[in-house]
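Peer 1: Chains as they are written, first to last, in our numbering: chain S, 34 to 1169; chain Y, 7 to 440.
By construction, the Cβ of each residue, glycine as well, lies at the ideal position given by its N, Cα and C atoms.
Just so we're clear, the structure is a prediction, and the values are computed from it rather than from any experiment.
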Amino acid sequence: MNGMGNYRKTTLIHSLCAILLAAVAVAQDAVETNQFSPDFYSQLIESDRPVAYWRMDLDERGMMRNTIREHAELRGLLVGEVRSSAGPQAPTHPKFGAAKNAALEIPNAAGVIKVDDPGDDSVLDFKLGDSMTIEAWVQVSSVSGYRYLLGKGRTGNKGFPAENQNYSLRLAGNGAITFLFRSIDDAGKQQYHRWTSNEGIGVSDGWHHVGLTYTFGQVGSLKGYIDGKSISGKWDEAGDTGGRPVVDNDQLWIGSALSAKPNSTLMGAIDEVAVYRKALPAEAFAQRYSFIRNEPKFDPATIEDNQVLVQIWEGVSENTFQYRSARITDTYQVDAFEFFQIPNKYNEQGIKIDRSTPFMIRAYGYVTIPEGPQRILVRARNGARLFIDNEIQAEVPFFNISSSAHGKVFDVRRDQAPNIRPLQRGDKEVILSIEGDGKKHLLRFEMIVGSSKRRPETGETAVCIAEPDQDFRVLSEWHHAQLTHREWPSFKQQQASKIVALDRVRRAQVSELEQEYWKERHGWTRRLLSTDKPVASPGKPFPESSFNRIDQYVNKQLHEAGDKPRPLVDDSTFLRRLSLDTVGTIPSLALIQEFQRRRHAGKEARNWAIDFLLAQDEWADHWTSYWQDVLAENPNIINPTLNNTGPFRWWIYESFIDNKPMDRFVTELIMMEGSRFYGGPAGFSVASQNDVPLAAKAHILGQAFLGIQMQCARCHDAPFHEVTQKDLFSIAAMLKRKDESVPKTSTVTVSADGPVPNVPITLKPGAIVQPAWPFPELGSLRLPRELIRGSEDSRAKLAHRITDPGNLRFPQVLVNRLWKRTIGFGIVEPVEDWEHGTNINPDLLDYLGRELAMNGYDIKHIARLIFQSHTYQRQSIDITESGLQAFAGPVRRQMSAEQLIDSLFVASGRPFDAGPMNVDIDGARNYSNSLNLGTPKRAWQFASLSNERDRPSLSLPFAQPFTSTMQAFGWTGSRQNPINHRQSSPNVMQPAMMNNGIVVRDNSRLDMMSDFTMLARQSETVENLIAITYQRILSRQPTASERRLFLELLDEGFGDRLVSLSSEEAEQIRWSRRLPRNMVSWSNHLAARATEIKIELRQAVQQGAIPSPHLESRWRERMEDFVWVLFNSPEFLYIR
Amino acid sequence: MFDLNRRRFITTSATAVAASGMAPLVSAEEELEHMPWSFPAGKAEHIIMIWLGGGACQIDTWDPKKLGDAKTRKPGSYYPAIDTVLPDTQVCEHLPKCAGVLDRFNILRTVQHGVIDEHAAATNMMHTGRVTTGTITYPSIGSAVAHHRGAVSENAPPYVLIGYPNVTRGPGFLGTDAGFVYLTETSEGPGGFSRARDVSDRRQQRRQQLLAKVRQEFSAREQSLMIDQYDQAIEQALRLAGPEFMSAFQLKKESAELRNAYGGEFGQRCLLARRLVERGTRFVEVSHNLNFINGAGWDTHNDGQLNQHLLIKELDGALSSLVLDLEGKSLLDKTLIVVSTEFGRPAGFDGGGGRGHHSKGFSVVMAGGGLQNGKTIGVTDELGMKVVHRPISVPDLHASMYYALGINPRKLLFAGDRPVPTTDMGTPVEELFV
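1. Among S/Phe159, S/Gln918, S/Asp332, S/Tyr399, which residue has its Cα nearest to the Cα of S/Asp9?
2. For a contact defined as C-beta to C-beta under 7 Å, what are the partners of Y/Lys417 on chain S?
3. Can you tell me whether Y/Ser83 is buried or exposed? The criterion is at least 16 other CB atoms within 10 Å of its CB, across all chains shown.
4. Whose Cβ in chain Y lies nearer than 7 Å to the Cβ of S/Gly1030?
5. Give me the residue from S/Leu611, S/Glu687, S/Asn207, S/Asn667 with the minimum Cα distance to S/Gln722.
6. Please confirm whether S/Met1026 and S/Val1033 have their CB atoms less than 8 Å apart.
7. Do S/Gly109 and S/Lys160 count as a contact pair if the criterion is CB distance below 8 Å?
8. At a CB-CB cut-off below 8 Å, which residues of chain Y make contact with S/Ser1162?
9. Quick one: does Y/Asp331 have its CB under 8 Å from some CB of chain S?
10. Nearest to Y/Gln222 by alpha carbon, out of Y/Leu231, Y/Glu291, Y/Asp237, Y/Gly198?
11. Determine the closest residue to S/Leu664 out of Y/Arg208, Y/Thr141, Y/His153, Y/Val292, with distance taken between C-alpha atoms.
12. Which bits of chain Y does S/Asn1020 rub up against, with CB to CB less than 7 Å?
13. Grab me the residues of S/Gln61's own chain with a C-beta within less than 6 Å of its C-beta, minus the 5 sequence neighbours each way, in chain order.
14. Should S/Ser813 be flagged as near chain Y, meaning a C-beta pair shorter than 8 Å?
15. Counting contacts by CB-CB distance shorter than 8 Å, is S/Pro1142 in contact with chain Y?
16. Once DSSP output is grouped into helix, strand and coil, what is the label at S/Ile464?
17. Assess contact between the stretch 374-390 of chain Y and the stretch 56-71 of chain Y, defined as three or more Cβ pairs (one per stretch) separated by less than 8 Å. Is contact present?
18. Report all residues from its chain with a CB closer than 8 Å to the CB of Y/Leu419; omit the five preceding and five following residues, and keep chain order.
19. Please classify Y/Ala29 as buried or exposed, where buried requires at least 16 neighbouring CB atoms within 10 angstroms.
20. Would you report the Cα separation of S/Arg1151 and S/Gln1051, rounded to the nearest angstrom?
21. Is there contact between the stretch 134-143 of chain S and the stretch 225-235 of chain S, where contact requires at least three CB pairs shorter than 8 Å?
22. Per DSSP, which one or two residues make a beta bridge with S/Gly186?
23. Between which two residues does the beta strand (DSSP E) containing S/Met300 stretch?
24. Could you give the distance in angstroms between the alpha-carbon of Y/Lys80 and the alpha-carbon of S/Gly235?
25. At a CB-CB cut-off below 8 Å, which residues of chain S make contact with Y/Tyr462?
26. Is there a C-beta anywhere in chain Y that falls below 8 Å from the one on S/Val1158?
27. Using only alpha-carbon positions, find the residue among S/Glu106, S/Ser201, S/Ser1068 that is nearest to S/Ser155.
28. Check this for me: beta carbons of S/Thr364 and S/Thr246, under 8 Å apart or not?
29. By Cβ distance, which residues of its chain are closer than 8 Å to S/Asn959, with the 5 residues on each side in sequence left out?
30. When you check each C-beta in the stretch 381-392 of chain Y against every C-beta of chain C, which residues fall closer than 9 Å?
31. Any beta-carbon of chain Y closer than 8 Å to the one on S/Asn134?
32. Can you pull the chain Y neighbours of S/Ser1074, defined as C-beta to C-beta under 9 Å?
33. Taking DSSP as the reference, what is the three-state secondary structure of S/Arg560?
34. By Cβ distance, which residues of its chain are closer than 6 Å to S/Tyr74, with the 5 residues on each side in sequence left out?
35. For S/Leu137, report the span of its beta strand (DSSP E) as first-last.
36. Please confirm if Y/Gln118 has its CB atom under 8 Å from at least one CB of chain S.
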């Protein structure tokens, strides 16, 4: 930190932007150093000579005293629940001085303070032409409807008409202040008049000052004040009036009205109420207010060299920086002033939870401002401010896009810099000009993120700098990434991946105790199970075909069935199979080459590859899609319907990144905690448009982890199972933590003339089912009591019932699922229905199940055993008509849709360009109506594109080709029910999508991003080109005849294939197409232009990537045909 | 592929029956599939289902009532009614061409369902005939028809969707085999079968020749029934991508006069539907919700109402042309046209002068299909809000569509081992058949 002190003193920066300078006045953070005496405030009030000034202190009779002695009779009677509490005081409100200041609180909206009107023409009576001022300090914990601060009349007192509001000051729903009175004309006609302010006070964030002045009968005279500032408002009921008010001798009440009904009563505390018989000027209100944010002092010396320190503040208010009781809940570092992604927040279990929204990010960092004229560009998704050396320099307005869909499509500006990346819809920008001095300055950027209704997103929030007429670059001591269409997207991705890495580290840190707990549990489980009788020894049939214990069980059964093991498969087929079964893609060229290098060096390579691949993060990608299916993860990016869930895909993904023990995984799933809309397991609890959501969840859990099929039990007892409808509803009740009743839709209607149902029905609609574990036959509990958490909670109990080591069905179901996914056929089939299934190798299942339970429910442990087995490494077989009797080898499988898509991109080396899985890209809609599933980088990240409105403007043209291809291969983005088997039989759409689908076409095109292009440019011989292409796509060397075939194709013109082209020209071609992306969101999709844009984008997708200009086009086409042929060979699609 | 579950179902059920002493299950299946109707099933071969996404207003189209006024929010039709060739049936003034040939139509004015007035749920109901349960994903009617009857010709796919692929249009538990081939723009052809523009005939030929050799070598090396099946599917895909089927998309081969009669993109979709039917496609769904015409498509809230007449006129021109064109080609009796939508709209107006959603009585229109055309079925009340006579449920509507094709609407489908009747025990609308 040496030398930093110098920079702090630098003040040479001059803002040239006058408008921006005006904003400096808004800064509220300057610490007021004046010390005020304890009676400063009361003297201020008294000097303005009110008729009543209620400081909320009590006299000897316990009544609220009027400080103005000449009107001492205006004392208040406390009725109901009214109690003394702390009022505004120093240091937060310095003008109250250091002494204690009492207020009165009505904590449960069940109290009121009543003041008698002394009689006709009293000081509380205001007539036509009279001026008045009312003011108060107030602190509210919630507002809905209209809550009275002060009102005369409309008390509900006997002897007065119900509608006799002389005057009143109230709070409206959003914290707005409102003035209400009743007018009466000469004919006796009465009417209410109501004025409401446009802005409001903060709710639940401490004390605010409110006030108004009004002269009855004088149109335009009403003025409102909040926190010392004049505020605008409107007469929204019957309009402004010159009429006279109702005046009578009814009481004046503080805190309530209308017979003190709770919904008219203040929820909170009130203090320093004063009433004047004149209109005070605006300065008086400004004088009264004072507020110093009680904030920890920030020491810039804590900023590390060349880093940006980011704080997250929760508890801020919406659409303002005038927050009160905010607190720092997170601090982290980044290396540039960009805020594309905010780290997740995790609870002690390492589960993603939501921050209170809105929250604020505040970032500090020292950056060098180069000498000479500079422009600083601030882009932000919501209201933001930039300070340089503690002086405010720029303010970005708050988000203000309506969610109504009728918004405009804005034309993007491209004139601020030569190659500027256009502003993304939803973001706003401000540019300021400064004169730099070549020195470091302290920058502070802050932004309010999200709102109570909108997703807490940051868009492309960043601070950039540029010399005049040059391109902007991110403000950073590290990065020079330019805000251009070429550099920004990859910069975004690179920075986001750092946050993902940070999340991972912090997840592990905060959940250390949780990990300890599970370790202890697993130690117990291991000890408990090691005392059990071991699984029967299988003996050693076919010893030459046996690598580990798995093979012994498999071979024994083969022997008994009169069959024999298949021989080991060749290396390249093995590596391809293994790669697809671990990381979900064909092996990369680098992996193939490393494998071969080891092989040629005479080293063991297969076990190396197993360990290497099991350690890759892509393991999590491969498993996320599986559990999305099995757990019926079914988020819809638009309007949750049709049994949608939250996007708990991110929790699944993180669980597998962390290699979470499976018992912990299931427990977290069942507890359904954490974030509901942004990726926590709470998303599992959601089942929109389902009248018994938890019965649906019970159904999923039964299949997924117990092998119990309760599908039929939704409506009746299962005809072919032991399971009854009551079993299902018992688990549903455990999940619900209370009784569950059977709805009308969950039964079989028996009509007089209809067929008699042949299914047993034991529960009637409306029947009540209690929480209870319905499957005692699965085993008794064995874990010691001190390890059981939440034994009083039926949800925790359910999790425990499933994961206790006494229940060996659970680990067996899991290993069977893993077996099926790697070997291709379950030991028990079907995997989700064991009552109905057959177990073809009970000993093997028993062995693997125990092995999982005794090894901390670590699924990778079992996977490793399977991959290391001779069984897995054998040549593959087909399933016969009658299924399988034994495992002579693994079963041939078609790649899953995800494996196919991801493998195409591994082969070509191209990045996904699928656009955002989001139709609400500006985030204007309510968070519960539109999900942002991010920009997919792997196939599992897609979701259904259904919008059920068929509007082209809501289509996602970049994602569409992906999902269309995936659908042909058995994927569905809409999982209304759990999927345990994808339909995988070949159908015509599969080769069709391979032949002509856009995804395959793009990956066989030699564009400027394809590794095939590089390969084609750099290969020295055709033979080498052919060999490498074969390895990239089919993971093997070509046969002699294949080599000949493609030599014939590619040899001609090979020598002349290269087109000489300067790299500038090439870059120009590469970036020549600029598409109107990120301009259409839900908020403007009804505009005609929105449809045109989407059609234009779709046409661009149809057209595909620009072919590489480095290659002569006729030769390039032949090379593309070669790639196309290999992708289209059935060999590519099958895991053999 | 073999069908493990189905086989197990049958054997296991036999033991279950023996154990429980219930009536034999097979007869229960028969009982479920039994059709108690005396009137004869239809002989149509194809269905063209036109989908008015968003919810078309019945009283602004096929079931006109007394005029309302959006400005004063007086409930009623937005447009005056006109007479038709049917003596007792009027339609909205923007349907004059259909009015002239309404004797080829049937208006079902009393379709209703209880699904909450939400697009996805109602669209699901109108496509699958069922509500979602969380235990099973039901197939759309297009997929179920494809499943039961397949394509008419091996050179055409059984189910083509001209519109966006939605789950409610999909095959549900029937799996990809019963899925659709789709396109979103008539000029582009269907994904998977339309070749990229940079692949010339010559290139395609080269690709196919090379692929044939690679495939041949591979199948000689790898003996697998499963992979052979895929290999056969390649043949089928290449056949569909060949000239016979793909010529369907060359709308330019039709006369300019006919193309003009059909009208804009929606009309061209209808024309394409006819060409698909000619080539052997069993079920075509044509989406008509090009939202730029009036902003909101048929979902005419607020100012979406202002240009609703443009949508109606477009429908009028295209639909009447389709009927006459099919008739001219002697295909109308073989082709059932159904104009469907997720729900109707109420007679009252919203604050913006448009209309909300209404599912308690709305119109679905049929034409041709060898039905007893020229009948208007069902009566709604004076504002078209409630059914007064002859309610038609969605299962009954679907049953009528299946029955017109000679498919037993109660024939069992299987979701794993679970028997599911094709419709939720629907009964065909008898008037359409006798």
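Peer 2: Well, looking at it:
1. As shown, chain S starts at 34 and ends at 1169. That puts residue 9 of chain S outside it, with no answer to give.
2. The contact set of Y/Lys417 on chain S, defined by CB atoms closer than 7 Å, is empty, because the minimum CB distance reaches about 14 Å.
3. Here Y/Ser83 is buried, its C-beta having at least 16 other C-beta atoms within 10 Å.
4. Within chain Y, the residues placing a beta-carbon under 7 Å from that of S/Gly1030 are Gly197, Gly198, ordered along the chain.
5. Here the closest residue by C-alpha is S/Asn667.
6. In this structure, S/Val1033 lies closer than 8 Å to S/Met1026 by Cβ.
7. For S/Lys160 and S/Gly109, no; Cβs fall outside 8 Å.
8. Going along chain Y in sequence order, the residues near S/Ser1162 (Cβ under 8 Å) are Leu217, Val220, Arg221, Phe224.
9. No, no contact with chain S.
10. Looking at the Cα atoms, Y/Asp237 is the closest of the given residues.
11. Nearest of Y/Arg208, Y/Thr141, Y/His153, Y/Val292 to S/Leu664, Cα basis: Y/Thr141.
12. Near S/Asn1020 (Cβ distances below 7 Å), the residues of chain Y are Thr182, Asp183, Ala239.
13. For S/Gln61, the predicted model reports a pLDDT of 41, less than 50, meaning its position is unreliable; a value from the coordinates is still stated below. Taken in chain order, the list of residues that qualify is empty.
14. S/Ser813 has a beta carbon lying at 8 Å or more from every beta carbon in chain Y.
15. Not a single C-beta of chain Y is nearer than 8 Å to the C-beta of S/Pro1142.
16. Reduced to three states, the DSSP call for S/Ile464 is strand.
17. As far as the Cβ criterion goes, the stretch 374-390 of chain Y touches the stretch 56-71 of chain Y, which means the pair count is three or higher.
18. The residues are Pro145, Ala150, His153, Phe179, Leu180, Pro425, Val426, Pro427, Thr428.
19. Confidence at Y/Ala29 is low in this model, with a pLDDT of 42, below 50, so its placement is unreliable and the value that follows should be read with caution. That one is exposed.
20. Rounded to whole angstroms, S/Arg1151 to S/Gln1051 spans 17 Å at the Cα level.
21. Remark: fewer than three beta-carbon pairs, one from each stretch, lie closer than 8 Å, so the stretch 134-143 of chain S and the stretch 225-235 of chain S are not flagged as touching.
22. Looking at the DSSP assignment, S/Gly186 forms no beta bridge with any residue, so it has no partner.
23. Neither: S/Met300 is in no beta strand (DSSP E) and is coded neither H nor E.
24. Between the alpha carbons of Y/Lys80 and S/Gly235 lies a gap of roughly 42 Å.
25. Outside the modelled stretch of chain Y, which goes from 7 to 440, sits residue 462 of chain Y, for which no answer is possible.
26. It does; some Cβ of chain Y falls within 8 Å.
27. Residue S/Glu106 is the option with its Cα nearest to S/Ser155.
28. Result no, Cβ atoms of S/Thr364 and S/Thr246 do not sit closer than 8 Å.
29. The residues are Ser436, Lys486, Arg487.
30. You won't find chain C in this structure, because its protein chains are S and Y.
31. Not an interface residue.
32. Residues of chain Y passing the Cβ test: Lys219, Glu223.
33. Here S/Arg560 carries a helix assignment [DSSP, helix/strand/coil].
34. Sequence-distant partners of S/Tyr74 (beyond 5 residues in either direction) whose C-beta falls short of 6 Å from its own C-beta, in its chain, are Lys128, Phe129.
35. Segment 135-139, the beta strand (DSSP E) holding S/Leu137.
36. Not one beta carbon of chain S lies nearer than 8 Å to the beta carbon of Y/Gln118.
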